[in-house]
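One structure is given below, encoded as structure tokens.
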Amino acid sequence: MLSRGVFLSLALSLSAPALAEDEGVTVSVHCMDPCAVVLDGKPGRAVNESLWEFPGIAPGARRVEAVDPKGQPLVSGLAEIPDADQANVYLISNERVVARKGGTSEPGTPEWEREVTRITPSTPPSTHPPPPLTPPEKSTVIVRCQDNCSVVLDGRRGIRRDGLTWEFRNVEPGKHRIEGIGELLLRRLFLVYVDVPAGMELTYQGESKNLLRLTKQQLLTSVEAARAKAGLTESSRLHVRCPKSCTVRLDGARKGEAGGSGVVIQDVPFGQHTLEASFSLSDRNRRLSLNVPPRSEVFITASADQGIVVTNTRPIGFE
């Protein structure tokens, strides 16, 4: 069993300065732990579980590859084989500077690591500082009430999908306070604390007796993949608000409840659409030809007197 983990560098030590004979250089490869080694893709002779010998190797740069007893790669690098009778290649287990000939070894350096020359690894260690830690992915929380309600998460209002449903995006992982207030008598429906994991879309159903039940949980990446498959990647969202009760239709299809105060229309394909609003206390209907940009939220106010007016447009995800 390996005790020092994956080898991180290679080092080369010459055992004799004499010129190699015609049959080539005899190369001995020393591992720190049990290993299997090939040199330029050719297996050698196992002297013991951590020492391999390769006779007849031509001088020059040769690739050394080592794996552990389970076949997992340990190291791969180039060793510069000298023009000598013998050469020793050592697999070093750390990235500290190895003492060269004539230098002073660091305290505690094993004898077999002394007087070695580092060889070039396949992927040299980076001299740049490590990248900063990636912050946890934010999540989306969707809360649905049994009756018309207002919902806040940590005191923050979200996006009202319809009279029953609220959406909160970019929610940090951790514990959060969710409160729902009924619109009829302004009574509290629920006040609960939930633990939100990272990178998820969570859907909750508000119930009686101050309960909030998790009904659906899926990865945000899966949600986006499903939207892409359905061709909704570039779709937009319309927020239609009516100061007085109205019924909203998009391209002739009713959206939301009749006689409501507005609606959030999800997954609207970008391009030209017809938006209509009829008002319960008036016989007037208002209509607007609307060019919806891709991946945008469009905020619209509809009234019997002023008609349908776009008040703001912003990219989806903008806070």
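Under mature numbering (1 follows the signal peptide of the UniProt record, and there is no 0), residues -20 to -1, 1 to 299 are what the sequence shown spells out, in order.
We treat Cβ as the ideally placed atom computed from N, Cα and C, and that holds for glycine.
Subject >> alpha helix (DSSP H) runs wholly inside the segment 248 to 290, at least 4 long, in chain order >> reply: none
Original post:
Are there 16 or more other CB atoms within 10 angstroms of the CB of Ser6, so buried, or fewer, so exposed?
Top reply: Your numbering for residue 6 matches position 26 in the sequence shown. First, the amino acid is wrong: residue 6 is Thr here, not Ser. When all chains shown are included, Thr6 counts as buried.
Original post:
Out of curiosity, what's the CA-to-CA distance linking Pro177 and Pro153?
Top reply: Residue mapping note: residue 177 aligns to position 197 of the sequence shown, counting from 1. Residue mapping note: residue 153 aligns to position 173 of the sequence shown, counting from 1. Spanning the two alpha carbons is a distance of roughly 5 Å.
Subject >> Where the alpha helix (DSSP H) containing Ala206 begins and where it ends >> reply: Start at 1 with the first residue of the sequence shown, and residue 206 comes out as number 226. It spans Leu200 to Lys209 - the alpha helix (DSSP H) in which Ala206 sits, taken as one unbroken run.
**OP:** Give the single residue among Val27, Cys125 and Gly251 whose Cα lies nearest to the Cα of Thr195.
**Re:** In the sequence shown, the residue the question calls residue 195 occupies position 215. The option with the nearest alpha carbon to Thr195 is Cys125.
Original post:
Where does Thr213 land, buried or exposed, given buried means 16+ other C-beta within 10 angstroms?
Top reply: Along the sequence shown, read from residue 1 onward, the residue named residue 213 stands at position 233. So Thr213 ends up on the exposed side.
**OP:** With distances taken Cα to Cα, identify the nearest neighbour of Tyr70 among Pro49, Val44 and Gln52.
**Re:** Residue mapping note: residue 70 aligns to position 90 of the sequence shown, counting from 1. Of the candidates Pro49, Val44 and Gln52, the one whose C-alpha sits nearest the C-alpha of Tyr70 is Val44.
**OP:** Could you tell me which residues DSSP puts in a beta bridge with residue 347?
**Re:** Outside the displayed range of the chain (-20 to 299) lies residue 347, so it cannot be described from this structure.
**OP:** Compare the Cα-Cα distances from Ile158 to each of Arg193, Leu164, Ala284 and Thr227 and report the closest residue.
**Re:** Looking up residue 158 in the sequence shown gives position 178. It is Arg193.
Original post:
So what does Glu187 bridge to, in DSSP terms?
Top reply: Here residue 187 refers to the residue found at position 207 of the sequence shown. Residue pairing by DSSP puts Glu187 in a beta bridge opposite Leu191.
Original post:
Roughly how many angstroms separate the alpha carbons of Val243 and Pro116, rounded to a whole number?
Top reply: Stepping through the sequence shown from its first residue, residue 243 is reached at position 263. Stepping through the sequence shown from its first residue, residue 116 is reached at position 136. Val243 and Pro116: Cα-Cα distance of roughly 32 Å.
Original post:
Does the distance from the C-beta atom of Val17 to that of Val27 stay below 8 Å?
Top reply: What you label residue 17 is simply residue 37 of the sequence shown in a count that begins at 1. What you label residue 27 is simply residue 47 of the sequence shown in a count that begins at 1. Contact: no.
**OP:** State the DSSP-derived secondary structure class of Thr227, mapped to helix, strand or coil.
**Re:** Here residue 227 is taken as the residue at index 247 of the sequence shown, counted from 1. Strand, per DSSP.
Subject >> Span separating the alpha-carbon of Asn190 from that of Gly160 >> reply: The residue given as residue 190 occupies position 210 in the sequence shown. The residue given as residue 160 occupies position 180 in the sequence shown. Taking the straight line joining both Cα atoms gives about 9 Å.
Subject >> Per-residue burial, Thr227 [other beta carbons within 10 Å of its own, 16 or more giving buried] >> reply: Working through the sequence shown from its first residue, we reach residue 227 at position 247. In summary, Thr227 is buried, with 16 or more beta-carbon neighbours lying within 10 Å of its beta-carbon over all protein chains present.
**OP:** Determine the burial state of Val248: buried for a count of at least 16 other Cβ atoms within 10 Å of its Cβ, exposed for fewer.
**Re:** Locating residue 248 in the sequence shown gives position 268, where the first residue counts as 1. Val248 is buried by the Cβ-count criterion.
Original post:
Which residues bound the beta strand (DSSP E) around Asp175?
Top reply: Counting from 1 along the sequence shown, the entry for residue 175 is found at position 195. Counting along the chain, the beta strand (DSSP E) containing Asp175 begins and ends at Arg168 to Val176.
**OP:** Report the residue from Asp13, Glu237, Pro39 and Ile245 whose alpha carbon sits nearest the alpha carbon of Glu3.
**Re:** For the purposes of this step, residue 3 is taken as the residue at position 23 of the sequence shown. Closest option to Glu3, Cα to Cα, is Pro39.
**OP:** List the endpoints of the continuous beta strand (DSSP E) containing Thr145.
**Re:** For this step, residue 145 is matched to residue 165 along the sequence shown. Here the beta strand (DSSP E) through Thr145 covers Thr145 to Val151.
Original post:
Does the Cβ-Cβ distance between Ser30 and Pro14 come in under 8 Å?
Top reply: As a first step, residue 30 must be located in the sequence shown, where it is residue number 50. As a first step, residue 14 must be located in the sequence shown, where it is residue number 34. For the pair Ser30 and Pro14, the CB atoms are nearer than the 8 Å cut-off.
**OP:** Could you say which of Gly36, Arg141 and Ser119 lies nearest to His156 if we only look at CA atoms?
**Re:** Against the sequence shown, residue 156 aligns to sequence position 176. Comparing Cα-Cα distances from His156 to each of Gly36, Arg141 and Ser119, the minimum goes to Ser119.
**OP:** Starting from residue 349, trace the beta strand (DSSP E) both ways and give me its first and last residue.
**Re:** Any question about residue 349 goes unanswered here, given that the chain covers just -20 to 299.
Original post:
What are the start and end residues of the beta strand (DSSP E) that includes Gly154?
Top reply: Against the sequence shown, residue 154 aligns to sequence position 174. From DSSP, the beta strand (DSSP E) with Gly154 extends over Gly154 to Gly162.
Original post:
Is it right to say Tyr184 is buried, meaning 16 or more other beta carbons lie within 10 angstroms of its own, or is it exposed?
Top reply: The count along the sequence shown starts at 1 and reaches residue 184 at position 204. When all chains shown are included, Tyr184 counts as buried.
Original post:
Roughly how many angstroms lie between the CA atoms of Val289 and Arg221, to the nearest whole one?
Top reply: The sequence position of residue 289 within the sequence shown is 309, counting from 1. The sequence position of residue 221 within the sequence shown is 241, counting from 1. Going from the Cα of Val289 to the Cα of Arg221 covers about 10 Å.
**OP:** Spatial neighbours of Met(-20) within its chain, please: CB distance less than 6 Å, with the 5 preceding and 5 following residues excluded, ordered by chain position.
**Re:** The residue given as residue -20 occupies position 1 in the sequence shown. Reliability of the predicted coordinates at Met(-20) is poor, the pLDDT of 43 falling under 50, and no value is obtained from them.
**OP:** Kindly say whether Thr145, judged by its beta-carbon, lies nearer than 8 Å to any beta-carbon of chain D.
**Re:** Included in the structure is just one protein chain, with no chain D present.
Original post:
Does the count of Cβ pairs from the segment 232 to 240 and the segment 275 to 295 closer than 8 Å reach three?
Top reply: no
Original post:
Based on the DSSP secondary-structure assignment, which residues constitute the bridge partners of Glu181?
Top reply: Within the sequence shown, residue 181 is the residue found at index 201, counting from 1. Beta-bridge pairing links Glu181 to Thr120 and Gln198.
Subject >> For Cys222, the three-state DSSP class (helix, strand or coil) >> reply: As a working note, residue 222 is residue 242 in the sequence shown. Strand.
**OP:** Would you list the residues sitting across from Lys22 in a DSSP beta bridge?
**Re:** As a first step, residue 22 is located in the sequence shown; it is residue number 42 there, counting from the start. Answer by DSSP bridge pairing, in chain order: Leu19.
Original post:
When the Cα of Ile122 is compared with those of Ser258, Arg149, Gly135 and Ser215, which residue comes out closest?
Top reply: Position 142 of the sequence shown, counted from the start, is the residue given in the question as residue 122. The shortest C-alpha separation from Ile122 is found at Arg149.
**OP:** Return the Cβ separation of Glu147 and Gly138 in integer angstroms, given the expectation that the two are a contact with Cβ distance under 8 Å.
**Re:** One-based indexing of the sequence shown puts residue 147 at position 167. One-based indexing of the sequence shown puts residue 138 at position 158. Confirmed, Cβ separation roughly 5 Å.
**OP:** Sort Cys129, Lys224, Asp175 and Val203 by Cα distance to Gly186 and report the nearest one.
**Re:** Along the sequence shown, read from residue 1 onward, the residue named residue 186 stands at position 206. Comparing Cα-Cα distances from Gly186 to each of Cys129, Lys224, Asp175 and Val203, the minimum goes to Cys129.
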